[in-house]
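Numbering (the numbering used here), first residue to last: 437 to 879.
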Amino acid sequence: MYGETGELMRGELAALLRQHRVLQRLGDHTPSAPGAPPEREVAGRVIQQYRQTVLTWCTEAIWAAKPLVFSAILPPPANPFQTSNDAGTPVRELARALSRAREASTRPRASISLLGTVSANEVIEHWRQAARAAALAENDTNGIAGQRLTGPQAQALVGDVAAITQALVVLDQRYRNVPGWERLIEPRRLGWAALATALDVSLGQPDYSIDATGWRPRTKPLRLGPQSGVLGVLQAEHDLLVGLKSFPTAMNLRLIVDSQQRLSHRLGFLVERTDTPRAETWRARAASYAVLKQHLRNVGGQIGTGGPAVTAAATATARLRTLPDGIVVEPRLAAGFQTLFNGIDQRIAETIEVGIDRSFYLQRVQVPRLVTDSGQLVSPTRERFMPIDPSATKELLSAVRQLLGSPGEQVSATPGLGRADLASALIHRPTGRTGAQSALGPL
Numbered sequence: 437m438y439g440e441t442g443e444l445m446r447g448e449l450a451a452l453l454r455q456h457r458v459l460q461r462l463g464d465h466t467p468s469a470p471g472a473p474p475e476r477e478v479a480g481r482v483i484q485q486y487r488q489t490v491l492t493w494c495t496e497a498i499w500a501a502k503p504l505v506f507s508a509i510l511p512p513p514a515n516p517f518q519t520s521n522d523a524g525t526p527v528r529e530l531a532r533a534l535s536r537a538r539e540a541s542t543r544p545r546a547s548i549s550l551l552g553t554v555s556a557n558e559v560i561e562h563w564r565q566a567a568r569a570a571a572l573a574e575n576d577t578n579g580i581a582g583q584r585l586t587g588p589q590a591q592a593l594v595g596d597v598a599a600i601t602q603a604l605v606v607l608d609q610r611y612r613n614v615p616g617w618e619r620l621i622e623p624r625r626l627g628w629a630a631l632a633t634a635l636d637v638s639l640g641q642p643d644y645s646i647d648a649t650g651w652r653p654r655t656k657p658l659r660l661g662p663q664s665g666v667l668g669v670l671q672a673e674h675d676l677l678v679g680l681k682s683f684p685t686a687m688n689l690r691l692i693v694d695s696q697q698r699l700s701h702r703l704g705f706l707v708e709r710t711d712t713p714r715a716e717t718w719r720a721r722a723a724s725y726a727v728l729k730q731h732l733r734n735v736g737g738q739i740g741t742g743g744p745a746v747t748a749a750a751t752a753t754a755r756l757r758t759l760p761d762g763i764v765v766e767p768r769l770a771a772g773f774q775t776l777f778n779g780i781d782q783r784i785a786e787t788i789e790v791g792i793d794r795s796f797y798l799q800r801v802q803v804p805r806l807v808t809d810s811g812q813l814v815s816p817t818r819e820r821f822m823p824i825d826p827s828a829t830k831e832l833l834s835a836v837r838q839l840l841g842s843p844g845e846q847v848s849a850t851p852g853l854g855r856a857d858l859a860s861a862l863i864h865r866p867t868g869r870t871g872a873q874s875a876l877g878p879l
């Protein structure tokens, strides 16, 4: 996820910003062998390749987010004596400066082998970890773009790029005496554009739930063997979420909904002693599933499978039945159940909406006629299965929306400690030194 790669990148850059006397940290200034370049020059070449990887991610990320970011700064009044008054927004200026800096650099990006080679030097290792995080964050950025990035989330992404760009400018100033070091082109313009963008973003309302988006590895069933106790129920719920990737039939969907209603009802009582608010949340979830189960009684359809999901749901219900009434559910296990519940609720709601929209699920309707040749003493009413009319099934759709709107554990919308740590590292000054000039130039 982007939260993991972004946190790693910011943490490594913050550690680099707190390091001073870089030349002494990079090794000896004399060649280790006749005809070989000095150790500091070799380290500088490697670091510049890592820096180019981070710079490339910054450029791609800001161009992906720029269409959704609007400046919160009021534009200056137009000058009638100028032919053009378009001064540009801070985000646009930062995007141009980053593109220019990346194109002007002659250093290539770090290769896969270089990213995977651990260095004994502390400075180089911090750069390598930051470059690895930037390379992984490229997949997160592409995944975020495919998940319909919102405007507030784009503001948070641009704020991260601005902070990382400021760190690169400061480090470029600090590494200027490294042999063979290639300076960033127009560092003051790049630094001031990053600072203006960071201030512009701070005036808005960035949404840091972007940390929960991005690339995710494919989930698979747990191959740990059958577990006992609460862990066994948690394992079955995980397998149920994996099994819901396939579209279930109407019968299998009813069985899954029934298992979730029973599971939430029982777990709500078991977690009462350790987390009362979560117990109320799970009881509300059980009530939502009870309403949904009632409306699905007259829904049929043979399209789909869902066999593995039904098996996992039955396993979870059976294992829950064997739990004693006095068992205590730990907070970590309860948080794991909540995460799985959120994913299952989302998948079931999407399944019902898709099934209604594409007529995979049909509604049982009674025809005003009797079946005369049924062979029974009392003739039953004739029934037919018809496509579900969304306008006529408002109660079913409202039950689905209530399931999605049930209170759950929301993603934290706070910036986090990593962003605050990088911000404090940007203004960090070594102890005992005064009058240090900013890398952005004099004010």
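Backbone N, C-alpha and C fix where the C-beta goes; we use that ideal spot for every residue, glycine too.
Bridge-paired residues (DSSP) for residue i
| i | result |
| --- | --- |
| Gly595 | In DSSP, Gly595 forms no bridge with anything. |
| Gly442 | Gly442 pairs with nothing; no bridge assigned. |
| Gly736 | Leu798 |
| Thr741 | Pro684 |
| Thr817 | Leu806 |
Environment of residue i [buried if 16+ CB atoms lie within 10 Å]
| i | result |
| --- | --- |
| Ala479 | buried |
| Thr741 | exposed |
| Phe517 | exposed |
| Arg457 | exposed |
| Pro526 | buried |
| Gln488 | buried |
| Ile763 | exposed |
| Val605 | buried |
| Gln484 | buried |
| Val505 | buried |
| Gln696 | buried |
Secondary structure of residue i, DSSP reduced to three states
| i | result |
| --- | --- |
| Val847 | Because the pLDDT at Val847 is just 46, under 50, the model does not fix this residue reliably, and the value given afterwards should be weighed accordingly. In this structure, Val847 counts as coil in the three-state DSSP scheme. |
| Ile661 | Looking at the sequence provided, one finds Gly at residue 661 rather than Ile. Note: Gly661 maps to coil in three-state DSSP. |
| Met822 | strand |
| Ala861 | helix |
| Thr758 | coil |
| Thr685 | coil |
| Leu449 | helix |
| Gly772 | helix |
| Gln802 | strand |
| Gly474 | The sequence shown places Pro at residue 474, rather than the Gly named in the question. Reduced to three states, the DSSP call for Pro474 is strand. |
| Thr586 | coil |
| Thr542 | coil |
| Thr712 | helix |
| Thr525 | coil |
| Trp617 | coil |
| Thr787 | helix |
| Asn557 | coil |
| Thr649 | coil |
| Thr655 | coil |
| Leu462 | coil |
| Ala508 | coil |
| Phe880 | This structure cannot settle anything about residue 880, because the visible part of the chain is limited to 437 through 879. |
Through-space distance from residue j to residue i, alpha-carbon basis
| i | j | result |
| --- | --- | --- |
| Leu453 | Gly439 | 21 Å |
| Tyr797 | Val678 | 22 Å |
| Glu622 | Trp628 | 10 Å |
| Trp617 | Asp464 | 16 Å |
| Asn688 | Ala861 | 55 Å |
| Gly844 | Thr553 | At Gly844 the pLDDT is 47, less than 50, meaning the model places this residue with poor confidence; the figure from the coordinates comes in the next sentence. Whole-angstrom Cα-Cα distance: 42 Å. |
| Asp647 | Gln663 | 32 Å |
| Leu670 | Ala573 | 30 Å |
| Ala770 | Val707 | 8 Å |
| Leu691 | Trp651 | 31 Å |
| Ile498 | Ala556 | 33 Å |
| Gly852 | Thr542 | 35 Å |
| Val847 | Phe777 | Confidence at Val847 is low in this model, with a pLDDT of 46, below 50, so the placement of that residue should be treated as unreliable; the coordinate-derived value is given next. Whole-angstrom Cα-Cα distance: 14 Å. |
| Ile780 | Leu680 | 8 Å |
| Ala875 | Thr633 | Reliability of the predicted coordinates at Ala875 is poor, the pLDDT of 48 falling under 50, and the value obtained from them is presented with this limitation in mind. Taking the straight line from one Cα to the other gives about 17 Å. |
| Ala598 | Leu551 | 24 Å |
| Gly442 | Ala569 | 7 Å |
| Pro760 | Ala546 | 56 Å |
| Ala385 | Gln838 | Nothing about residue 385 can be read from this structure; the chain reaches only from 437 to 879. |
| Pro612 | Arg619 | This sequence places Arg at residue 612; Pro is not what is there. Near 7 Å, if we compare the C-alpha coordinates of Arg619 and Arg612. |
| Gln565 | Arg719 | 45 Å |
| Pro503 | Arg855 | 23 Å |
| Ile509 | Leu635 | 9 Å |
| Glu496 | Val614 | 28 Å |
| Val814 | Glu766 | 55 Å |
| Met445 | Gln641 | 23 Å |
Check your understanding: Taking contact to mean at least 3 C-beta pairs separated by less than 8 Å, is the stretch 626–646 in contact with the stretch 527–542?
Key -> yes
Review point. Between the stretch 669–676 and the stretch 743–755, do at least 3 Cβ pairs fall closer than 8 Å?
Key: yes
Review point. Taking three-plus beta-carbon pairs below 8 Å as touching, is the stretch 731–740 in contact with the stretch 650–663?
Key: no
**Study point:** Stretch-stretch touch, CB-based, cutoff 8 Å, three pairs: the stretch 635–647 with the stretch 585–593
**Key:** yes
Review point. Is the stretch 813–829 close to the stretch 710–729, with three or more CB pairs under 8 Å?
Key: no
Review point. Just checking, does the stretch 697–704 make contact with the stretch 754–766 on the three C-beta pairs under 8 Å criterion?
Key: yes
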